[in-house]
Structures are given as structure tokens and as C-alpha cells.
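Number of protein chains: 2
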Amino acid sequence: MDDRRARPATIYDVARRAEVSSATVSRVMRGTGPVAAPTRAKVLGAMTELAFVPSRLGVSLAEGRHVANGIVFPSLSGPYFAEVVLGYEEAAGAAQRPVILISTNGRTAARSRVLDLASRVDGLVVLGRTVTDEVVTEVVRSGLPVVTLARRPVPGADSVTAGNRASAQALGRHLLDHGHRRIVRLGDAAGSPDVTERWAGVQAALEAAPDPGAIDVTDVTADGFDVEAGRAAGRRLLASALPDVVVAANDELALGVLEAAQDAAVRVPDDLALTGWDDVMAARWAGLTTVRQPMRELGATAARLLEARIAGTLAGSRAEDLPTELVIRASCGCDDRGGQL
Amino acid sequence: MDDRRARPATIYDVARRAEVSSATVSRVMRGTGPVAAPTRAKVLGAMTELAFVPSRLGVSLAEGRHVANGIVFPSLSGPYFAEVVLGYEEAAGAAQRPVILISTNGRTAARSRVLDLASRVDGLVVLGRTVTDEVVTEVVRSGLPVVTLARRPVPGADSVTAGNRASAQALGRHLLDHGHRRIVRLGDAAGSPDVTERWAGVQAALEAAPDPGAIDVTDVTADGFDVEAGRAAGRRLLASALPDVVVAANDELALGVLEAAQDAAVRVPDDLALTGWDDVMAARWAGLTTVRQPMRELGATAARLLEARIAGTLAGSRAEDLPTELVIRASCGCDDRGGQL
DNA sequence: TTGTAGGCGTTATCAC
DNA sequence: GTGATAACGCCTACAA
Chain S
1298 MDDRRARPAT IYDVARRAEV SSATVSRVMR GTGPVAAPTR AKVLGAMTEL
1348 AFVPSRLGVS LAEGRHVANG IVFPSLSGPY FAEVVLGYEE AAGAAQRPVI
1398 LISTNGRTAA RSRVLDLASR VDGLVVLGRT VTDEVVTEVV RSGLPVVTLA
1448 RRPVPGADSV TAGNRASAQA LGRHLLDHGH RRIVRLGDAA GSPDVTERWA
1498 GVQAALEAAP DPGAIDVTDV TADGFDVEAG RAAGRRLLAS ALPDVVVAAN
1548 DELALGVLEA AQDAAVRVPD DLALTGWDDV MAARWAGLTT VRQPMRELGA
1598 TAARLLEARI AGTLAGSRAE DLPTELVIRA SCGCDDRGGQ L
Chain H
1298 MDDRRARPAT IYDVARRAEV SSATVSRVMR GTGPVAAPTR AKVLGAMTEL
1348 AFVPSRLGVS LAEGRHVANG IVFPSLSGPY FAEVVLGYEE AAGAAQRPVI
1398 LISTNGRTAA RSRVLDLASR VDGLVVLGRT VTDEVVTEVV RSGLPVVTLA
1448 RRPVPGADSV TAGNRASAQA LGRHLLDHGH RRIVRLGDAA GSPDVTERWA
1498 GVQAALEAAP DPGAIDVTDV TADGFDVEAG RAAGRRLLAS ALPDVVVAAN
1548 DELALGVLEA AQDAAVRVPD DLALTGWDDV MAARWAGLTT VRQPMRELGA
1598 TAARLLEARI AGTLAGSRAE DLPTELVIRA SCGCDDRGGQ L
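Chains S and H, in that order, give the protein sequences.
Just remember that the numbering used here sits 1297 ahead of the position in the first sequence, which is counted from 1.
Just remember that the numbering used here sits 1297 ahead of the position in the second sequence, which is counted from 1.
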């Protein structure tokens, strides 16, 4: 087999073969400027014969744009990121720009990787728990359109968030109404604007309780936000006196706790109530009480803002806050149908 | 606010500011060739003052490589794609290349979008149900390293697959052993190499049955492979005489059928048995019998093959087939613990 | 209607 | 040690 890596044909190869100049080839491809029919035919012939595909690099360099957008995730694990990307791609619609994605993933060189990405795209979505506001500002200053997602707004960038506070407060109130007093909040708020907001919302509900003195809140951190982290934290929690309810920062942590509970023959919700956040697909089947977050819509909204900003049709900077919704299922012990999980 | 989009600094801006030539700036950045300490200091100073980030376009054009890899998915919905991407990124490891992804999503211009992507990356992973083998071959001919995933191998490209056939046969045997005879296969095999293989495996099991005459297989197509498609198909199925078991092409279709069954008060598995494929997170909680596919490992393996191919350390072309595993839960009616879902 | 030539932002090969 | 300068692949005035 021939192992030379064939050098792709360039516009000059096509020009030579069609016996015209590169300018004419370019005109044929882009439909800019007039080209005589026979000339066009010759060029098209040469293009197909050489299987010519114009180099994105050359085009982008000349046009001064990439026709691609970037997204920076904290981690690619779990349904959250998938839904956001999906929403993004759907919204981009017909004029599809490819999506370039990276995860910072607790990796060190986050800043340089984001800056590298910034130099490959026409616009950037940056999620929470990835890089500091300083880095985002740095990118904004470079003139690149930026939309932040699920993090505190940064001056000069548009922002999309999901209403954490109100639903968290509703969740807290609901748990109180149903008699829960000894509460564990599971998940590391440090560095996660979303979780910080949620815990603040819960806090607000507790402070408005009729019997604030009876309430006992403990914060427990987990090593990440995936099922495995939840299971590990769950095992630790179940080893000592059980609280009334574990309020997990997201569904995956909650599902991990649920697994640990089942392994330990602890009944949910009778022995221990449990709630999550996000309403991922598994939550429905696990019977998990949670807060539904419009994940797909978050991605789509970010995409739309970005497109508008790139097109230059947006003035000032915009902040969209999408509504969330409390979803009561069996795991918090307040479901009409009752039953153990 | 200043709304001019600041033009990013170029290497020439830095050179001018540091009173050196662009060549020297380049040497400082890349550590190629000698630079006097004071000169280096001046250059570094100018770089930070101007917040200089070298243009990826310029670098790539000069280096002749992109430092990015591409992935072509049929659709970005569902856990499958997310796990594959995650596996990919994990395997890429320290030298992280950003991942550029597109979904063909039943969109028309699939070919041109893939060719565009091909001209942005150093290597490409192409999944099944995206573009024809001809298009893949076209890309291979252009000299780009290509790995196919979950599709028939294409000459010149490496290939990664998950053992569909053997597990499908095991699944078929299992269902037969437990008395199921009237079988519906749900999901469109046309255009999906994976599903085609699975159905062939099931077929093989049925043909080896002791009473082939008693077996009644019906193929039902769904409009896609997501939960919604499954629910719609489920409603249609439940409207007429129930088969013994619905074998769905993937978990999401199966979960959709399960939803439809619950809505119609049809008991699973007593009135209707049900199986899926993939073992997504929700499958565990839904009690779905399924076949576990090492989704993450599929992505990781593809990434490793691609890296090796790009590095040129691989001769010939390689085909990896990863093992799958039958996971028995309650939905097929053969679980020890029994119970309805 | 077509061709020439300069520019986009780097890198790397030569000279000096 | 450092600086011109020719690529890299394409686009687009400007000329002809």
C-alpha cells in the first residue's frame, strides 16, 4: 500500500489544470465576480478531478473568521454537558458552525487551553467551574464575543443562567413543610457558582422556617459531581447517624447516595429522604425528587446570543435567566403514591 | 462602552514594541534557536503588555497541522455520544487536542460538512449513520487519518466496533430460554450498521431454537432512536395484540416503550417483556435488561488509534472489536427478584 | 472576463 | 544572536 500522505490539492493545482489563474478558481467557488461559462466548466472539471477541497486555514486566514464556535466545559461527564451541546447545535441551525469543545477537567493549563481555543473560533461559551473571571475578561478584551453559562456574569460578556435561587428556596420550603429538620447539603460549593446559589436558596428557606432553632444543617463535600463521588460520600454518610434528608447538588451525586443506601439496606425515603438537581433522564426512573433545569435550552440560548453578538446585531450586554421547576417524586417522601425506591 | 472589536496583536506588533524582528519573537516563544537574555526579556515584556496570543491560523498554516481532532456523530442526543466524547478526551491525555464535533443529524449537506471538518483537523473519527463509505473513502484518499466507529470497516481507515453479534445472539437465546416466542424488534436497521448486526445476532439465536416454527418475529421501525420515538412506537404497539417481548435497538427506545406501557397500565414484564441496548445510566434505574456497551472505551480506543496513526507509528490498518455484556434486570421477566417496573 | 499581486499571521531557512 | 525573506493556501482590490 502507498503510505505517502498525499498532499491535498491547492487552488493553484486546480488553476494550473484548468489553465486559468487562482483568482478565477476562487471566483468560481465563491460565485463572486463574473466567469464565462466555458471557463467555469473547465474549472469545475479540474476541481472534481483533483477532488479539491479548499483549505479552511487559507480561507479563514483570508476571510478573517473561523466559522466555528467554542465551548469550555468543566467536565464532559454526565448528561448535563451533552444536553447543553445538543441545544447549542440545534440552535445554530442551518448555518451550522462546527463546535470546538474542551474540558478543563481540573487540569492545570486551563488558561492557556482556553486562550488557544479562543484563537480558533468566532465566539466562545464558557461554563462555570472552568476558569476564573480574569481569564474570561482577558478573552473579552481580545475582542472575541463571549457568553458565560451557569456562572456569574462578567462585564462585556453575555450571560445565561438557570434560576437556582428561587427553586432552591422552594425545595427547602417543601422539605421543611414535610417535617425534615436535620439536613445535609452534599456537594462542593467552592468554585461552583451554581451550587453556591442553590445553597443560598436553601438557606433562605431555612431561615424563614417557623422553628429555626430546630434546624440542623451540615455541609458535606464530595470529590466531584459524578455518581461515583456520590456513592463514596453516601457510604460515609450512612456510617453515622442519619439526617432526615440529603440535598445533593446534582442528580448524579444523589443517585450515588441512592446506590449506597440500597447497598446498605437503608430505605429511601423512609429512613432517609433524598433530592437531586437537574432532572437528568435517570432521575425519572430512579424516582428522584429534583429541580428540572432546561439544559438543552441553556445551550440553545447561549448559541443564539453568541450568533447575534457575532453578527453584531446586539448592543450592550444581555443576561438571560431561564426558569427551573421543582419536580416532586418519591425520594423525598412527599409523593402521593409513596413507596420505597 | 467601546464597541470597536479590538484587533488582536500580531507577532509584528510584539516585534516592533520590543524593537526586534518577528523571527526573534518566534524564537522566544518556541524556544527554537538562541536568544540573548536581555532580548528575551524585552520580548516577553512586550508580549504581556500586548496580551499577545499567537494566531492559531498562522501557526497551523506554517506548521502544516491543526492540533485538533474531529468527530462526526449521527446525532448529539442521548448518553451514547457523550460517553464516546468523554472517552475520547480522557484518552487524548496531556497533549490535549481540542475536539471539533459535528452531527449530521439527518441534515442534507452531510458530505460537505464532513469535508469541511476534514480540512480543520489532523485526524477524524466517523461514526455510523452519518455519511456513506464513499465519503469516508474520499477523506481517506485525501491523506487524513480516519478511524471509523460503530460501522463497517472502510479500507484505509482503522476501525473500532463493539461486539454486537455475539451479545445479540446471547440475548436472543436468553429470551427463548425463558419462553418468549412472539418477538418484536424495534428500531430501524436500514442505515445503521450496529442495529443490522444486532438483528442478525438475534436472528441467529432464533434459527437455532428447538421450535423454529413457533417463533414469530416482527420488525417495527421507529422514527429515530430517542425516548420520544420509543414512546410513539410503544403507543402503536400497545394498541394491538401484545407480543411476548419487545427487543429495542437501544435503551432510549426501550425506555420510551416502558413509558408508553406505564401510561397504558400494561405491566412490564408480566404483560410485556422488554429489552434495550447500551446500558445507559437510566437503564439501571428503570430495571431494563440490556447489553452493556463500553461506550467510553469506544471513544478512548478510537482516540488512541487516531493518535498513533497521526504520529505515524502504526502500519497497515487495524480493527478493534470491544466486548459487550448481557445485563439481566427485571424488564425481561427473567430476573431472580421479579417484580413489575 | 481574466490575471497580477499584496495581504492574512506564523515558521524556518539563510545570510550576516 | 539577529534579521530578511520565502513559504503555507486562500481572497480580493486593481489592472488589463
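In this text, a Cβ means the ideal position worked out from N, Cα and C, and glycines have one as well.
Looking only at its chain, what residues have a beta carbon closer than 6 Å to the beta carbon of residue i, apart from the 5 residues adjacent to it on each side?
i, result
"Ala1389(S)", "Ala1600"
"Phe1370(H)", "Phe1378, Ser1400 and Leu1424"
"Ala1315(S)", "Lys1339, Val1340 and Ala1343"
"Ile1308(S)", "Ser1319 and Val1322"
"Val1394(S)", "According to the sequence provided, residue 1394(S) is Arg. The question's Val does not apply to it. These residues qualify, in order along the chain: Val1364, Ala1365 and Asn1366."
"Arg1426(S)", "Pro1371, Gly1488 and Ser1489"
"Val1543(H)", "Val1481, Leu1483, Val1554 and Leu1571"
"His1475(S)", "Cys1631"
"Ala1561(H)", "Leu1535"
"Val1499(H)", "Ala1465 and Gly1469"
Report the partner residues of residue i according to the DSSP bridge assignment.
i, result
"Phe1370(S)", "Ser1400(S)"
"Ser1456(S)", "Thr1445(S) and Ala1616(S)"
"Ile1266(S)", "Because chain S is modelled from 1298 through 1638, residue 1266(S) falls outside the range shown and cannot be assessed."
"Ile1480(S)", "Val1514(S) and Val1542(S)"
"Asp1567(S)", "Beta-bridge pairing links Asp1567(S) to no other residue."
"Arg1589(H)", "Asp1575(H) and Glu1622(H)"
"Val1340(S)", "Per DSSP, none; premise fails for Val1340(S)."
"Val1423(H)", "Val1369(H) and Thr1445(H)"
With 8 Å as the threshold, decide whether the Cβ of residue i is near any Cβ in chain H.
i, result
"Asp1299(S)", "Low local confidence applies: a pLDDT of 42 at Asp1299(S) is under 50, so the model's placement there is unreliable, with the coordinate-based value given in what follows. Judged by the 8 Å Cβ criterion, Asp1299(S) is not in contact with chain H."
"Leu1383(S)", "yes"
"Glu1386(S)", "yes"
"Leu1358(S)", "yes"
"Val1588(S)", "no"
"Leu1373(S)", "yes"
"Trp1582(S)", "yes"
"Arg1532(S)", "no"
"Met1578(S)", "yes"
"Ile1399(S)", "yes"
Does the beta carbon of residue i sit closer than 8 Å to a beta carbon anywhere in chain S?
i, result
"Val1554(H)", "no"
"Asp1520(H)", "no"
"Gln1393(H)", "yes"
"Leu1414(H)", "yes"
"Pro1540(H)", "no"
"Ser1439(H)", "yes"
"Val1325(H)", "no"
"Leu1571(H)", "no"
"Pro1331(H)", "no"
"Val1396(H)", "yes"
"Trp1574(H)", "no"
"Leu1354(H)", "yes"
"Val1350(H)", "yes"
"Gly1489(H)", "For the sequence presented, residue 1489(H) should be read as Ser rather than Gly. Judged by the 8 Å Cβ criterion, Ser1489(H) is not in contact with chain S."
"Glu1435(H)", "yes"
"Ser1319(H)", "no"
Which residues in the same chain as residue i place their Cβ atom closer than 8 Å to its Cβ, once the five residues preceding and following it in sequence are excluded?
i, result
"Val1451(S)", "Asp1430, Val1433, Thr1434, Val1437, Val1443 and Thr1445"
"Asp1299(S)", "Caution applies to Asp1299(S), whose pLDDT of 42 falls short of 50 and renders its modelled position unreliable; the model cannot decide the point."
"Arg1362(S)", "Asp1419"
Once you ignore the five residues that flank residue i on each side, which residues in its own chain have a CB closer than 7 Å to its CB?
i, result
"Ala1454(H)", "Val1433, Val1437, Val1443, Val1444, Thr1445 and Ser1614"
"Asp1520(S)", "Ala1526 and Ala1529"
"Leu1603(H)", "Asn1366, Gly1420, Val1422, Pro1442 and Val1444"
"Trp1496(S)", "Arg1482 and Ala1486"
"Arg1301(S)", "Its pLDDT being 47, under 50, Arg1301(S) is placed unreliably in this model, and the value from its coordinates should be taken loosely. Nothing meets the Cβ criterion."
Q: Ignoring anything shorter than 3 residues or poking outside the segment 1502-1562 of chain H, list the beta strand (DSSP E) runs there in chain order.
A: 1513-1517 and 1542-1545
Q) Is the segment 1480-1488 of chain H touching the segment 1512-1526 of chain H in the sense that three or more CB pairs, one from each, lie closer than 8 Å? A) yes
**Q.** Touch test, the segment 1455-1474 of chain H against the segment 1586-1595 of chain H, Cβ-Cβ under 8 Å, three pairs minimum
**A.** yes
Q) Can we say the segment 1553-1562 of chain S touches the segment 1519-1534 of chain S, given the rule of at least three CB pairs closer than 8 Å? A) yes
Q.
Any contact between the segment 1464-1476 of chain S and the segment 1618-1626 of chain S? By contact I mean 3 or more CB pairs, one from each, below 8 Å.
A. yes
Q.
Whether or not the segment 1403-1414 of chain H and the segment 1347-1360 of chain H are in contact is what I'm after, with contact meaning three or more pairs of Cβ atoms, one per stretch, closer than 8 Å; do they touch?
A. no
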